Amino acid sequence: GQQVMQIPQYQHVQEGEDFTTYCNSSTTLSNIQWYKQRPGGHPVFLIQLVKSGEVKKQKRLTFQFGEAKKNSSLHITATQTTDVGTYFCAGPTGANNLFFGTGTRLTVIP
Amino acid sequence: NAGVTQTPKFQVLKTGQSMTLQCAQDMNHNSMYWYRQDPGMGLRLIYYSASEGTTDKGEVPNGYNVSRLNKREFSLRLESAAPSQTSVYFCASRRAGSSTEAFFGQGTRLTVV
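Here it is as structure tokens:
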């Protein structure tokens, strides 16, 4: 079955430092989605990437989809305490299901 | 607009007890999902329903049953709870198709003792 792995599992950064999480799928994905879960909260959709090599930006967040459509990354520039949470990637294996990665838990030290 | 509503928010069960987690969405979505979240394991798909009247197994279906009662509601049942089912359960929904975003409920924190 499909596996979606993320690294690292945990990351502690000083406020102002950059942060990157990587997502790797065992199969080619038609698209990849990213979600953020604040501590004690539920996952909230951030963005979707569809095209091979696609790069999208949301303020300090940069999302990238690999050329082979099997990996993706999320980079946060100059982290802030509001960035704290767990970041998940997710990819479909068919028309209807949605498999999530293992997540990267980000802690930002003020 | 309530989005996805899950009940209850918290539950403690004794081993062997049964219970049903309820989920309802008011966004007219076709697809609904149940996930469990455990430390270091991410969100694992238990069951999903592509449309009213259909359900399919996900990664970890053992010990669970589901019912897609109508387009709005998708319930998850634990027939005989086990400590290994201690987890946070999330219901989600989205429009049909592989490129639509999922909306999550607030989650149910279940402890089986």
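Residue numbers (our numbering), protein chains in the order written: chain A, 5 to 114; chain B, 59 to 171. Each residue gets a CB set at the ideal place from its N, CA and C atoms; glycine is no exception. For clarity, every value in this text was computed on a predicted model and none was experimentally measured.
Using a Cβ cut-off of 9 Å (strictly closer), state whether residue i contacts chain D.
i: Gly111/B; result: The structure shown contains no chain D; its protein chains are A and B.
Run through chain B and tell me which residues come within less than 8 Å of residue i, C-beta to C-beta.
i: Phe104/A; result: Tyr93, Gly100, Leu101, Arg102, Leu103
i: Phe92/A; result: Gly100, Leu101
i: Ser76/A; result: By Cβ distance, chain B contributes nothing, its closest Cβ being about 14 Å from Ser76/A, past 8 Å.
i: Lys34/A; result: A quick correction: the sequence has Ser, not Lys, at residue 34/A. Here the neighbours are Ser156, Ser157.
Check whether chain A comes within 9 Å of residue i, counting only Cβ atoms and requiring the distance to be less than that.
i: Arg126/B; result: no
i: Phe68/B; result: no
i: Ala154/B; result: yes
i: Ala82/B; result: no
i: Glu131/B; result: no
i: Glu137/B; result: no
i: Gly121/B; result: no
i: Ala140/B; result: no
DSSP has residue i in a bridge; who is on the other side?
i: Gly100/B; result: Asp96/B
i: Thr90/A; result: Gln41/A, Arg109/A
i: Tyr105/B; result: Trp92/B, Lys115/B
i: Ala82/B; result: Thr63/B, Glu131/B
i: Ala150/B; result: Tyr91/B, Phe162/B
i: Thr66/A; result: Lys61/A, His79/A
i: Leu168/B; result: Gln69/B, Ser145/B
i: Val124/B; result: Leu134/B
i: Asn35/A; result: The partner list for Asn35/A (beta bridge, DSSP) is empty, contrary to what the question assumes.
i: Leu50/A; result: Answer is none; Leu50/A lacks a bridge partner.
How close, in whole Å, do the beta carbons of residue i and residue j come, if the pair is a contact with beta carbons under 8 Å?
i: Ala82/B; j: Thr63/B; result: 5 Å
i: Glu19/A; j: Thr85/A; result: 6 Å
i: Thr158/B; j: Arg152/B; result: 5 Å
i: Trp92/B; j: Val70/B; result: Contact doesn't hold; Cβ gap of about 20 Å is too wide.
i: Gln7/A; j: Ser30/A; result: 5 Å
i: Leu53/A; j: Asn35/A; result: 6 Å
i: Ser156/B; j: Gly98/A; result: 7 Å
Using a cut-off of 7 Å between C-beta atoms, extract the partners of residue i located in chain B.
i: Phe49/A; result: Glu159, Ala160
i: Asn100/A; result: Ser89, Tyr106, Ala108
i: Gln13/A; result: Gly98
Under 9 Å between C-beta atoms, does residue i make it to chain B?
i: Gln37/A; result: yes
i: Pro96/A; result: yes
i: Val116/A; result: In the structure as shown, chain A begins at 5 and stops at 114. Residue 116/A is therefore absent and cannot be evaluated.
i: Gln68/A; result: no
i: His79/A; result: no
i: Gly107/A; result: yes
i: Gln62/A; result: no
i: Gln10/A; result: yes
Taking Cβ-Cβ distances shorter than 7 Å, what residues in chain A pair up with residue i?
i: Gly61/B; result: Within chain A, no residue comes near Gly61/B; the closest Cβ sits about 10 Å away, beyond 7 Å.
i: Gly74/B; result: Correct list: empty, because the minimum Cβ distance to chain A is about 29 Å.
Taking Cβ-Cβ distances shorter than 9 Å, what residues in chain B pair up with residue i?
i: Gln52/A; result: Ser157, Thr158, Glu159
Run through chain A and tell me which residues come within less than 9 Å of residue i, C-beta to C-beta.
i: Gln164/B; result: Gly45, His46
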